Structures are given as C-alpha cells and as structure tokens.
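Enquirer:
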Amino acid sequence: CAPLQRLQALRLFTLFLTFDLILFGAFTRLTDSGLGCPDWPGCYGNTSPLGAHHAITAAQDAMPTGPVTQAKAWIEMIHRYLATGVGALILMMTVVSWLNWRARVRVEQASRSVELSPWWATFTLFWVGLQGAFGAWTVTLKLFPAIVTLHLGGALVLLALLGVQVVRGSTFTVPLAMTLLMRRWLALVFALLALQTVLGGWVSTNYAVLACSDFPQCQNRWWPEMNFQQGFELWRHLGVTGTGEPISFAALTAIHYVHRLMAYGVLTLLAVLAWQLSRLAAWRVHSRVLAALIGLQLVTGLSNVVLDWPLLAALLHTGGAAALVLTLTWIAASAAPDAKPAVPAMQRARVATLPEQTATGRLA
180 CAPLQRLQAL RLFTLFLTFD LILFGAFTRL TDSGLGCPDW PGCYGNTSPL
230 GAHHAITAAQ DAMPTGPVTQ AKAWIEMIHR YLATGVGALI LMMTVVSWLN
280 WRARVRVEQA SRSVELSPWW ATFTLFWVGL QGAFGAWTVT LKLFPAIVTL
330 HLGGALVLLA LLGVQVVRGS TFTVPLAMTL LMRRWLALVF ALLALQTVLG
380 GWVSTNYAVL ACSDFPQCQN RWWPEMNFQQ GFELWRHLGV TGTGEPISFA
430 ALTAIHYVHR LMAYGVLTLL AVLAWQLSRL AAWRVHSRVL AALIGLQLVT
480 GLSNVVLDWP LLAALLHTGG AAALVLTLTW IAASAAPDAK PAVPAMQRAR
530 VATLPEQTAT GRLA
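Each residue of the sequence shown is one higher than the one before, counting from 180 in the numbering used here.
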C-alpha cells in the first residue's frame, strides 16, 4: 500500500544519506578537520562558520597549519549538518513506522510476518542519538582515539540497522534458503569484519597508516619492532601514552601491522563466503557484489601503503569497508528465517514446479 511504499522510500533515502555521511566523516578526519570548529554544537558559539569568521581567521593567523582554518571549519560543520539531517530523517521514520503500525492494527491487518516491527526504527533512533553524543565527545575530548574509533564503529552499526530495515521492509524481497553451516560461516565472517573495521578505525585515528610504507614486508622486515602495550592502550589522548609520554613509532607500527595481518585472514574468509554463495543461483548477485568489494579493499589498502596514503584511496577504503558491512547485512537479512538445505542450481527449475503441480492436484 502507499503508506508502506512511502516509508520504504524514506528508509532508502536515509540509508543513502547515512552512507554519504560515513564517507564525509572519513573526509573530515583525513583532512584533519575534526577540530575545525573546536566547540559543539556550534562554531565559536555560532550556527555556521559565517558568524564565526573573525574567530576562525584569528586562529588561522596564529597557526596557519593548525586545526582551525576557514576550509576546515566548513568541512566540520557540513559534517554536523549532514548528521543532523540523518537524525531528523530517522526521527521521521520512527514516527511514520508507529503510525503505520497503529493504522494496520485498527483494521486488523497487521501481520508480523509481512510488516517490519516499528521497534527497529525506535532502536535506530536511540542509536543515532548515541552517535550524536559520540560526535560531541569527539570534539570536546579533542579527537580522543578511543572515542573517534567508537564513533566510526557506531556509524557502521547504524548503517547495518538501516540496511536490515530496507531489505526486510521491501515488498520485492524474497527470503532465500541458506544452510545452517553457511549461516554460521556468515556470522563468523561478520564478527571478524566488525573487528577488522574497528582495527582500521584505530589505525586511522592514531595516524598509523604510514608506519609501514612497504609491502608485503614492513620496514623491510617480516616482523618489525613493535610495542603492543603502547599501541593498544585504549584510554589515552592522541599521540601520547596514558602517562603523557609521546607514543613511540614502534607502537604505531604495532597498530598498523596487526590491522594488516588481520586483513589477510578476513579477506580470505570473505572470498570463501563469496565462492560458497556463487555456487547457488539465488545468491550469485550477492556473491559478485561481495567479490567486487573484496577486490576494492585489497587495491585501496595497498594504495594507502605504497602511494603514501592518498586521499582518494583512503576515502575509497573507508567506503569499501562500509559497503562490505552493508553487503553482509543484505545477505543476512535476505536469508529465510528457517535454515533449509540449499537447492543445487541445476535442480532449482524442477523443484520450483512442485508447488504448481500440488496446486493442480488439489483443484482436480
């Protein structure tokens, strides 16, 4: 019906804008614009950099290469405007979800099997509020690495929540059979991908990408000097240890190399999942998308190392990680609720005719 179609269109637009927000957040971080407006929610007490022009100019004149410039202020505030827009859309989505659900209950048409629970939108609203809090802490705590990493991880969770609602709220989605073994494999790969994205965020927020500038070795060694204790000390300020001492280069090396070693395993497991899905006709589109994203992540990850961290490659690497999370969400949400054995591709046509034959027999 029309209300559900409008709600689905709202979900799709919100998902699209959230993906854009993740990319723009990466752009904000990669251009060192996170403190372009060092207060929150405004910019030097104003709603836009226009009103803060004199304060920004003074800060820029005092430190031309510092964190506050006119360009960086606009980048940071545009990121906040986009985030506010996403929050408003999710609030609207929540209200519309509950109104649609109540209307269908009144006419006794609500069906849990076909209508997505409005609690999905409600939890998403809670989560985007939490994301807003982490966004504020990112600024007020001066790019505290743990907070920035959690902010990135929370954005990917938000993307997955919206992805589930888009897939399961679509009238065109047909649940696909998936074996119990493949479900478990998917869950394992999803969990490891989540860990890898957090590690990637930790690399980025600590500016450890160039700690290893060669490949496949690091600093011309297979096992370079690393300081894991400093590198993975979570509660500390940017660039220093918990005691206030400058973080060592060996610590940055540990951060980078753990992410790289983890990438080998995660990409291999993702490739195995793509191969398993490609063997089933119903899942081949999913497998091709997954394979393309694996290739993108491999190329952009290598480019970050050997090309001295170019902005485009870094943005594509973050976008690829978000797209991988969204693709695995798409696969998981498309699977039928019950774990039925997957039907081989050659037998699908013959099996598909059985319901028609049964119906004909009943009519006879």
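Ideal Cβ placement from N, Cα and C applies to all residues, glycine included. None of these values were measured; they are calculated from a predicted model.
So, residue 190 versus residue 348, is the Cβ gap smaller than 7 Å?
Expert: Their beta carbons are under 7 Å apart, which means residue 190 touches residue 348 by this criterion.
Enquirer: Helix, strand or coil for residue 419 per DSSP?
Expert: Three-state DSSP puts residue 419 in a strand.
Enquirer: Reducing DSSP to helix, strand and coil, say where residue 292 ends up.
Expert: Residue placement at residue 292 is poorly supported in this model, since its pLDDT is 44, which falls under 50; the coordinates are not used for a value here.
Enquirer: Terminal residues of the continuous alpha helix (DSSP H) containing residue 318?
Expert: Counting along the chain, the alpha helix (DSSP H) containing residue 318 begins and ends at 297 to 319.
Enquirer: With H, G and I counted as helix, E and B as strand and the rest as coil, what does DSSP make of residue 514?
Expert: Residue 514 falls in the strand class under three-state DSSP.
Enquirer: For a quick check, are the C-beta atoms of residue 268 and residue 203 less than 7 Å apart?
Expert: Cβ atoms of residue 268 and residue 203: not closer than 7 Å.
Enquirer: Classify residue 382: buried if its beta carbon has 16 or more other beta carbons within 10 angstroms, exposed otherwise.
Expert: Flag for residue 382 reads buried.
Enquirer: Secondary structure at residue 459, three-state DSSP: helix, strand or coil?
Expert: Coil at residue 459, not helix or strand.
Enquirer: Pairs of beta-carbons, one from the stretch 309 to 329 and one from the stretch 372 to 391, closer than 8 Å: are there three or more?
Expert: Touching, yes.
Enquirer: Using the beta-carbon count (16 or more within 10 Å), is residue 339 buried or exposed?
Expert: With 16 or more other Cβ atoms within 10 Å, it is buried.
Enquirer: Do you know how far the Cα of residue 419 is from the Cα of residue 237?
Expert: Cα to Cα, the separation comes out at about 28 Å.
Enquirer: Does the contact criterion of 3 or more C-beta pairs under 8 Å hold for the stretch 273 to 286 versus the stretch 242 to 257?
Expert: Taking 8 Å as the limit for Cβ pairs, the verdict is that the stretch 242 to 257 does not touch the stretch 273 to 286.
Enquirer: Our contact map puts residue 356 next to residue 502 with C-beta atoms below 8 Å; I'd like the distance itself, whole angstroms only.
Expert: With 8 Å as the limit, residue 356 and residue 502 do not qualify as a contact, their Cβ atoms being about 25 Å apart.
Enquirer: What is the C-beta distance between residue 436 and residue 395, in whole angstroms, given that I count them as a contact (C-beta under 8 Å)?
Expert: Rounded, the Cβ-Cβ distance is 11 Å, inconsistent with contact.
Enquirer: Taking residue 205 as the reference, give the member of 450, 255, 511, 456 with the closest Cα.
Expert: Taking only the C-alpha atoms, the option nearest residue 205 is 255.
Enquirer: I think residue 432 touches residue 493, with their Cβ atoms under 8 Å apart; what is that distance to the nearest whole Å?
Expert: So it is not a contact: roughly 19 Å between Cβ atoms.
Enquirer: Just to confirm the assignment, what range does the alpha helix (DSSP H) spanning residue 398 have?
Expert: Segment: none, residue 398 is in no alpha helix (DSSP H) and carries neither H nor E.
Enquirer: Quick check on DSSP: helix, strand or coil for residue 406?
Expert: If DSSP states are grouped into helix, strand and coil, residue 406 belongs with coil.
Enquirer: Under 7 Å between the Cβ atoms of residue 440 and residue 368?
Expert: Not a contact, by the Cβ cut-off of 7 Å.
Enquirer: Rounded to a whole number of angstroms, what is the C-alpha to C-alpha distance between residue 464 and residue 414?
Expert: Going from the Cα of residue 464 to the Cα of residue 414 covers about 42 Å.
Enquirer: Since residue 426 is in the alpha helix (DSSP H), which residue starts that stretch and which ends it?
Expert: No alpha helix (DSSP H) holds residue 426; DSSP gives it neither H nor E.
Enquirer: Since residue 275 and residue 372 are thought to touch, with beta carbons under 8 Å apart, how far apart are those beta carbons, to the nearest angstrom?
Expert: With 8 Å as the limit, residue 275 and residue 372 do not qualify as a contact, their Cβ atoms being about 31 Å apart.
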